[in-house]
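Structure first, then comments.
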Amino acid sequence: MSRLTLHRNHARDLAPLARLLADPDDLALVNPHAAQPFDPGEWAMKWVGERDDETFYLLDDAGREVGFFALRVGVGPEVRHLTYVFVEEHMRGGTGEELARLAEDAARDLGALSITLKVELDNEPALNLYRKAGYEELSRRGGMATMRRDLDG
146 MSRLTLHRNH ARDLAPLARL LADPDDLALV NPHAAQPFDP GEWAMKWVGE
196 RDDETFYLLD DAGREVGFFA LRVGVGPEVR HLTYVFVEEH MRGGTGEELA
246 RLAEDAARDL GALSITLKVE LDNEPALNLY RKAGYEELSR RGGMATMRRD
296 LDG
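Residues 146 to 298 (our numbering) are what the sequence shown spells out, left to right.
Next comes the structure, spelled out in structure tokens:
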């Protein structure tokens, strides 16, 4: 399994994300409310366009984008909400813990004291991953669990 590195998307370039989410099923999995096919303008304006939104690409050993996530401001700047998590299929099955660690490191770098997320209740592997990583389940609504983890310094 290759080791992932993180690239903060300072340029707000969504072309790699368009490639990652070219399959309509993948796009629907990451954001069921987004227009099909992937529309960079819609994403820039509607989904990751807030001034404090930060987006990140996961890079493989060759420097190729193989995943994506966004950290949005939560209740306040000290809380970041992990969203739009995606990893290419060939990278799944073992990268979850690394992705969670990288997302937490990125949130810390942004000054967050805690990180929140939502995960589908029928996604047992993701629920188990986040529980194992120390996330606390706060609530269950509409088939989703809301989870939080306080970050260590």
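Where a beta carbon is used, it is the ideal one built from N, C-alpha and C, also for glycine.
Distance CB(residue i)-CB(residue j) smaller than 9 Å
{"i": "V232", "j": "L203", "result": "yes"}
{"i": "A278", "j": "E242", "result": "yes"}
Distance, residue j Cα to residue i Cα
{"i": "P169", "j": "A248", "result": "25 Å"}
{"i": "R276", "j": "L165", "result": "27 Å"}
{"i": "D295", "j": "L258", "result": "6 Å"}
{"i": "D206", "j": "G212", "result": "13 Å"}
{"i": "R209", "j": "P177", "result": "25 Å"}
{"i": "Q181", "j": "E199", "result": "23 Å"}
{"i": "G186", "j": "L174", "result": "19 Å"}
{"i": "R253", "j": "I260", "result": "9 Å"}
{"i": "A160", "j": "V193", "result": "14 Å"}
As assigned by DSSP and simplified to three states, the class of residue i
{"i": "R164", "result": "helix"}
{"i": "L204", "result": "strand"}
{"i": "R276", "result": "helix"}
{"i": "H152", "result": "strand"}
Residue span of the beta strand (DSSP E) that contains residue i, given as start and end
{"i": "L262", "result": "S259 to E265"}
{"i": "V175", "result": "V175 -> not in any beta strand (DSSP E); alpha helix (DSSP H) instead, spanning P169 to V175."}
Residue i: first and last residue of the uninterrupted alpha helix (DSSP H) it sits in
{"i": "D302", "result": "No answer is possible for residue 302: the residues shown for the chain start at 146 and end at 298."}
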